[in-house]
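Protein chains in written order, with numbering that gives the first Met the number 0: chain A, 0 to 319; chain B, 0 to 272.
Cβ atoms here follow ideal geometry from the backbone N, Cα and C, with glycine treated the same way.
Since the model is a prediction, treat every value here as computed from it, not as a measurement.
Since the structure comes first, as structure tokens, the remarks are kept for the end.
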Amino acid sequence: MTAPLLQVDNLHVHFPISGGGLLGAGRRTLYAVNGISFELAKGECLSIVGESGCGKSTTALSILGLQAPSEGAIRYRGLPLSGPGAPGRMQRARAVQMVFQDPYASLNPRQSVKTSLAAPLRLHGITAKSEISDRIEVMLANVGLTPEQASRYPHEFSGGQRQRIGIARALILEPEIVVLDEPVSALDVSIRAQIINLLLDLQEKLGLSYLMISHDLSVVEHMSNRVLVMFAGQVVEEGPWQQIFTSPAHPYTRRLIAAIPDPYAAMNRGERPERFTDVALPAGRDFLFEVGTAPDVFAAPAPSELIEIAVDHRVRLALT
Amino acid sequence: MRLGFNFWLGAALTALVIFAGLLAPWIAPFDPVLDADLMNSELPPDATFWFGTDAQGRDVYSRILYGAQISLTVGIVSQVINSLIGITLGMTAGYWGGWWDDLVNGLTNVMLAIPSLIFALAVMAVLGPGLPSLLIALGLTNWSWTCRIARSSTLSLKSQGYVQAAQTLGYGDLRIMFSQILPNMMGPILVMATLGMGSAVLSEAALSFLGLGIQPPFPSWGSMLTDARQLIQLAPWVAIFPGLAIFLSVLGFNLLGDGLRDSLDPHMRTRNP
Numbered sequence: 000m001t002a003p004l005l006q007v008d009n010l011h012v013h014f015p016i017s018g019g020g021l022l023g024a025g026r027r028t029l030y031a032v033n034g035i036s037f038e039l040a041k042g043e044c045l046s047i048v049g050e051s052g053c054g055k056s057t058t059a060l061s062i063l064g065l066q067a068p069s070e071g072a073i074r075y076r077g078l079p080l081s082g083p084g085a086p087g088r089m090q091r092a093r094a095v096q097m098v099f100q101d102p103y104a105s106l107n108p109r110q111s112v113k114t115s116l117a118a119p120l121r122l123h124g125i126t127a128k129s130e131i132s133d134r135i136e137v138m139l140a141n142v143g144l145t146p147e148q149a150s151r152y153p154h155e156f157s158g159g160q161r162q163r164i165g166i167a168r169a170l171i172l173e174p175e176i177v178v179l180d181e182p183v184s185a186l187d188v189s190i191r192a193q194i195i196n197l198l199l200d201l202q203e204k205l206g207l208s209y210l211m212i213s214h215d216l217s218v219v220e221h222m223s224n225r226v227l228v229m230f231a232g233q234v235v236e237e238g239p240w241q242q243i244f245t246s247p248a249h250p251y252t253r254r255l256i257a258a259i260p261d262p263y264a265a266m267n268r269g270e271r272p273e274r275f276t277d278v279a280l281p282a283g284r285d286f287l288f289e290v291g292t293a294p295d296v297f298a299a300p301a302p303s304e305l306i307e308i309a310v311d312h313r314v315r316l317a318l319t
Numbered sequence: 000m001r002l003g004f005n006f007w008l009g010a011a012l013t014a015l016v017i018f019a020g021l022l023a024p025w026i027a028p029f030d031p032v033l034d035a036d037l038m039n040s041e042l043p044p045d046a047t048f049w050f051g052t053d054a055q056g057r058d059v060y061s062r063i064l065y066g067a068q069i070s071l072t073v074g075i076v077s078q079v080i081n082s083l084i085g086i087t088l089g090m091t092a093g094y095w096g097g098w099w100d101d102l103v104n105g106l107t108n109v110m111l112a113i114p115s116l117i118f119a120l121a122v123m124a125v126l127g128p129g130l131p132s133l134l135i136a137l138g139l140t141n142w143s144w145t146c147r148i149a150r151s152s153t154l155s156l157k158s159q160g161y162v163q164a165a166q167t168l169g170y171g172d173l174r175i176m177f178s179q180i181l182p183n184m185m186g187p188i189l190v191m192a193t194l195g196m197g198s199a200v201l202s203e204a205a206l207s208f209l210g211l212g213i214q215p216p217f218p219s220w221g222s223m224l225t226d227a228r229q230l231i232q233l234a235p236w237v238a239i240f241p242g243l244a245i246f247l248s249v250l251g252f253n254l255l256g257d258g259l260r261d262s263l264d265p266h267m268r269t270r271n272p
């Protein structure tokens, strides 16, 4: 069996928080990510969903090498991407790239599009001017921009166009994995579909694997093959998107999906039909989750385990 | 970018000082040092000696033109040194954080706690009087505010997507600082440097007044004031014109700095329309 493209194994990220007291008094530990494991296959789109502060962005930063894991391993084609033996920024850059949420903050206002795209190529040893301009032209065409627009600066573009530039920059080094951090949530609703379709086209054309971080479940539903639901730094449920959206088992997942605005329900005087199919839990097992409680991020979570309740569909349950 | 009246007034005064300094050898009617003539001493302003003459009979107007060279050199060189120190320390502290940040912060706080003129006096006492040591002394004194601004700008720019993007694209730390962060924080740094030029000119005048700066007979506005001290009742013009030169140039630098700040900072502009 070949190694998976990306494998995250029991990832923990804990932050020491200084309490402001003298000599470290009041120092606490923030448990941001507590034992996340997943695999990303070639050509797949895996979405991580969850509320703000659930650790989904921290997980992404660890994969990008911007946040060192406290524990656990991240492997790319079986090779370590974190900890000892990890590659430098340069090798990692050719494996994993990121598309950022805010297209206004993600482009340097003082660099033209051409500079933004040419500098990484030059950094990675491509110095021939003709090759650089060829690759930029191809990449701009890929994201639906014209070569003439290369000499312009970010402020001359709309939000949607900026996001296209951000996508072009993420793809210019031809990575296999692209982390999409809320790729459309900062865009106008009218532009979102265009960018989503562009991302899906590029995925097919270039054989990309996406790891999407999102709380916009309608985008997740549209793009992903598999969904990972995170709560308080742990995966509470994971499975193929059809399973997650039609028969979510975990109460947190159910609440997330029920929160998707439903125009038909609004017409129905706000009454929302129960649309989930019931899921049978293994006998004698229950969730370790109380609706409406905020997680204590300063304590390690109580022990629990992921149990497979259907093919590839796992849900977190309390230990017996 | 809209620039107000203050900016243009400041720019005009600054330009006046720059032209005076650069063109002094051609437009000054007399030599500032050699054309001393005791027969002409302490003459009030007239058609020959526009700003009058001093105790040695030297033309005050010519000496002020040459003095502009000193003030400009001091203002520009000391601010370049200040900015280099402040940017280097502040940007690396903000970017790397950790113990280096703590160290730089501590150093900045110590520098802010010492009155800058006292510190400059101490440096001058070690290095001895003269223009080079004056430049070093003033260059070492006023970097703390620049450092603070560089640090806080770096902290806010570091979380911008394009800096994170540069990290994921494989850029090294120094390359990120110079290509991504520095160009985007030059606005406030430039404003600080312009405002700092004014205070550097004042400090130069103060140090020269105390006899530690430019040594006689070469003219600087501060040392001219020192010489004028005994004559202030007999020949007030010997004190008034160098004082006016200091006042107008410092006013010019400050208005220029304020104008730049207002035009670079949209929040300031809406608050003070």
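Q.
Please tell me whether Leu65 (chain A) has its Cβ less than 9 Å away from any Cβ of chain B.
A. Taking Cβ atoms only, chain B reaches closer than 9 Å to Leu65 (chain A), which makes this a yes.
Q) Between which two residues does the beta strand (DSSP E) containing Asp172 (chain B) stretch? A) Going by DSSP, Asp172 (chain B) is part of no beta strand (DSSP E) but of the alpha helix (DSSP H) stretching over Asp172 to Ile175.
**Q.** is_contact[Gln96 (chain A), chain B] using C-beta, thresh 9 Å
**A.** It does: the Cβ of Gln96 (chain A) has a partner Cβ on chain B nearer than 9 Å.
Q | Boundaries of the beta strand (DSSP E) in which Phe230 (chain A) is found, first to last residue | A | Start and end: Arg225 to Phe230.
Q) DSSP three-state call for Pro272 (chain B): helix, strand or coil? A) A caution first: Pro272 (chain B) carries a pLDDT of 38, below 50, which makes its placement in the model too unreliable to give a value.
**Q.** Collapsed DSSP secondary structure at Met267 (chain B) in the structure displayed
**A.** Any reading at Met267 (chain B) must be qualified, since the residue scores a pLDDT of 48, below 50, and its modelled position is unreliable; the value itself is stated next. Three-state DSSP puts Met267 (chain B) in a helix.
(Q) Classify Thr319 (chain A): buried if its beta carbon has 16 or more other beta carbons within 10 angstroms, exposed otherwise. (A) Taking every protein chain shown into account, the CB of Thr319 (chain A) has fewer than 16 other CB atoms within 10 angstroms, so this residue is exposed.
Q) Sorted by chain position, which residues of the same chain lie with C-beta nearer than 8 Å to Ala166 (chain B)'s C-beta, five sequence neighbours on each side aside? A) One point to set straight first is that residue 166 (chain B) is Gln, not Ala, in the sequence displayed. Correct list, in chain order: Ile175.
Q. Using the beta-carbon count (16 or more within 10 Å), is Ala238 (chain B) buried or exposed?
A. Taking all protein chains in view, the Cβ of Ala238 (chain B) is crowded by 16 or more other Cβ atoms within 10 Å, so the residue is classified as buried.
Q. Are the stretch 118 to 138 of chain B and the stretch 149 to 167 of chain B in contact at 8 Å, needing three or more beta carbon pairs?
A. With contact defined as three or more Cβ pairs closer than 8 Å, the stretch 118 to 138 of chain B and the stretch 149 to 167 of chain B are not in contact.
Q. According to DSSP, which residues form a beta bridge with Thr52 (chain B)?
A. Answer is B:Asp58, bridged to Thr52 (chain B).
Q | Alpha carbon of Phe275 (chain B) to alpha carbon of Ala10 (chain B), nearest angstrom | A | With chain B running from 0 to 272 in the structure shown, residue 275 (chain B) is simply not present.
Q | Straight-line Cα distance separating Asp58 (chain B) from Thr47 (chain B) | A | One C-alpha to the other measures close to 9 Å.
Q) Name the DSSP beta bridge partners of Glu304 (chain A), please? A) Paired residues: A:Leu316.
(Q) Suppose the cutoff is 6 Å on Cβ atoms and the five residues either side in sequence are ignored; what does the same chain contact list for Ser69 (chain A) look like? (A) Spatial neighbours of Ser69 (chain A) in its own chain (CB-CB distance under 6 Å, excluding positions within 5 residues in sequence) are listed in chain order as His11, Val12 and His13.
Q) Can you round the beta-carbon distance between Gly66 (chain B) and Met223 (chain B) to whole angstroms, since I take them to be within the 8 Å contact cut? A) Sure, about 6 Å apart at Cβ, within 8 Å.
Q. For a contact meaning CB atoms closer than 7 Å, what does Arg168 (chain A) contact in chain B?
A. Correct list: Ala164.
Q: Consult DSSP for Gly238 (chain A) and reduce its assignment to one of helix, strand or coil.
A: Under the three-state reduction of DSSP output, Gly238 (chain A) falls in the strand class.
Q) Taking 9 Å as the CB-CB limit, is Tyr94 (chain B) close to chain A? A) No, Tyr94 (chain B) lies away from the interface with chain A (no Cβ there is under 9 Å from its Cβ).
Q. Just the Cα atoms here: how many angstroms apart are Leu201 (chain A) and Ala167 (chain A)?
A. Rounded to whole angstroms, Leu201 (chain A) to Ala167 (chain A) spans 10 Å at the Cα level.
Q. Hey, how far is the Cα of Gly165 (chain A) from the Cα of Leu116 (chain A)?
A. Distance between the alpha carbons of Gly165 (chain A) and Leu116 (chain A): 9 Å.
Q) Using a C-beta to C-beta distance shorter than 9 Å, which residues of chain B count as neighbours of Phe37 (chain A)? A) Chain B residues near Phe37 (chain A): none, gap ~20 Å exceeds 9 Å.
**Q.** Coarse secondary structure for Ile213 (chain B), derived from DSSP in three states
**A.** Ile213 (chain B): coil per DSSP, three-state reduction.
Q.
Is there a Cβ of chain A sitting closer than 9 Å to that of Pro187 (chain B), yes or no?
A. Among the CB atoms of chain A, none fall inside 9 Å of the CB of Pro187 (chain B).
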